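Inspection log for the structure reproduced underneath, given as structure tokens.
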Amino acid sequence: MIMEQKEKERLYYDLLPAVHVRTGLFLRLDTAEEFLHAAASHDAFEQWRRHRKGMPVTFLDWQGSDDDSILAALLSAVEKEKGLVMLAGAGLLAWGESIPRVTAALRGETLPETSPAAGRLHGKIVLITGAAQGFGKGLAASLARDGAAVMIADINEQKGVATVEELIRQTDNAAIAFVKSDVANAASVNEMVMQTVARFGGLDIFVSNAGVLKAGGLDVLEEKDFDFVTNVNYKGFYLGTKYASRVMKTQHRHDPRRFMDIIQINSKSGLQGSNRNFAYAGSKFGSIGLVQSFALELVKENIKVNAICPGNYFDGPLWSDPENGLFVQYLRAGKVAGAKSIEDVRRHYESLVPMGRGTTVADVYRALVYLVEQEYETGQALPVTGGQVMLK
Ligand SMILES: NC(=O)c1ccc[n+]([C@@H]2O[C@H](COP(=O)([O-])OP(=O)(O)OC[C@H]3O[C@@H](n4cnc5c(N)ncnc54)[C@H](O)[C@@H]3O)[C@@H](O)[C@H]2O)c1
């Protein structure tokens, strides 16, 4: 039985986040072959159930039930039995606080009553876009090290999948997954948010990080380049907030005391004009307008909306890529007078920063954790620029 798109959205936007609030993470497991097979029909499922030991399973029928009765049945199955739920048409769902815990339980090991030692962001579910490389990848690694479940979204599937494998090895956190997404496309963003809920059960922090840059003055930059930058950096933030906030609103309905975060990785170019780089600066300035407006709209649901405005990340691929990085481009274009090497160009840009160095992932991550932990601030654009840009 294939679920209608509308039913699928209701499950992911309304029901699963509600269950998550009450019970901890609620995972969809039908990516594993064994479960897919079991989920194929009622009979196959019953047969599979008889073979399992020590893991209670409840069968629910999606069709013909309204939201409230499905939610009540899911909650009761999860709270009373602490086992698996098979939702006809939607797949096999498992209760548990983390993927390793649920996997262990499925192998027949007993579910421990309490979760293992927690990191600073333990239990938080984070979706971060453009995280296959650069700032996004670094932030995803830090979030995972601090115990969050992290969904990495990127348009570059190959790099995204490789990043997930690398981060699982590096951080010892198995709750890291990848979803291919184009942040400028509404259907793709909708799917990205639904996949996050399906995989981890809810959404606490949405980091809108994907961004692109096409520099050029008015006589050089073409309309299609302006549209490209605007669509990814500005419209992409609107679309991400539109769909992420749907899940967050459901979570708020079921737990009004819970705080959630939408954080845009903006730029110092969102606070100060950038010569011959107007498409980028305009998209970032505009995004701060969105941040302030979304913050006002979502404040009643305890969804904070803020931006972080980093200075230049000289060690990241945007600047340091040996083929297309900005250092190479600026050297070739003779943008820095007298510069003869990449090092000369780098030194020039570092000298513009009062603190004498570029922004690092660690600098941006500290700002992100501050915004998450600070419950009394919203609608802000927080500079992390080593003093290069100061608020007026
Ligand atoms: N690098 C800097 O110096 C700097 C400084 C300030 C702010 N920023 C901002 O930080 C963010 C990350 O920048 P970065 O330097 O790490 O960039 P990056 O180019 O290294 O990485 C960006 C990632 O976004 C992905 N992406 C691009 N278009 C996408 C789309 N339509 N949908 C989904 N993913 C897409 C790319 O595949 C890539 O993995 C951006 O918003 C950027 O504006 C960067």
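The numbers in the working numbering rise by one with no breaks, and the one at position 298 of the sequence shown is 299.
Idealized CB from N, CA, C, for every residue including glycine.
What you are looking at is a predicted structure, and each value in this text was computed from that prediction instead of being measured.
Taking all protein chains shown into account, Ala176 has 16 or more neighbouring C-beta atoms within 10 Å of its C-beta and is therefore buried.
Checking the 6 Å criterion, the Cβ of Ala185 is within range of a heavy atom belonging to ligand 1.
Cβ contact annotation for Lys138 (same chain, cutoff 7 Å, sequence separation greater than five): Ala132 and Thr164, in chain order. Taking C-alpha positions only, Lys9 is separated from Lys225 by approximately 35 Å.
In the three-state reduction of the DSSP assignment, Phe279 falls in the helix class. Secondary structure at Leu168: helix, using DSSP grouped into helix, strand and coil. Listed in chain order, the non-local C-beta contacts of Lys125 below 7 Å within the same chain comprise Ala149, Asp205 and Ile206, local neighbours out to five positions each way being set aside.
Rounded to the nearest whole angstrom, the C-alpha separation of Met193 and Thr379 is 25 Å. DSSP lists no beta-bridge partner residue for Asn232. For the 7 Å CB-CB criterion, Thr251 and Asp67 do not form a contact. Remark: the shortest separation between the CB of Tyr350 and any heavy atom of ligand 1 does not fall under 6 Å.
Spanning the alpha carbons of Gln381 and Ala308 requires a straight line of approximately 6 Å. Scanning the segment 201-274 for uninterrupted alpha helix (DSSP H) segments of 4 residues or longer gives 224-231 and 237-255, listed from N- to C-terminal end. Under the three-state reduction of DSSP output, Leu28 falls in the strand class. Set against 6 Å, the gap from the CB of Ala382 to the closest heavy atom of ligand 1 is not smaller. Going by C-alpha positions, Lys181 is about 13 Å away from Ala187.
Lys285 sits in a helix when the DSSP states are folded into three classes.
Counting C-beta pairs closer than 8 Å gives fewer than three between the segment 232-247 and the segment 354-370, which falls short of the contact rule. For the pair Arg254 and Glu302, the Cα-to-Cα distance works out to about 8 Å. Spatial neighbours of Tyr366 in its own chain (CB-CB distance under 7 Å, excluding positions within 5 residues in sequence) are listed in chain order as Leu140 and Ser143. Per DSSP, Pro318 lies in no beta strand (DSSP E) segment; the continuous alpha helix (DSSP H) that holds it begins and ends at Pro318 to Ser321. Taking a cut-off of 8 Å for Cβ pairs, the segment 273-282 and the segment 214-230 touch, as three or more such pairs fall below it. Assignment of Leu327 by DSSP, reduced to helix, strand and coil, places it in the helix class.
Going by C-alpha positions, Gly287 is about 19 Å away from Thr130.
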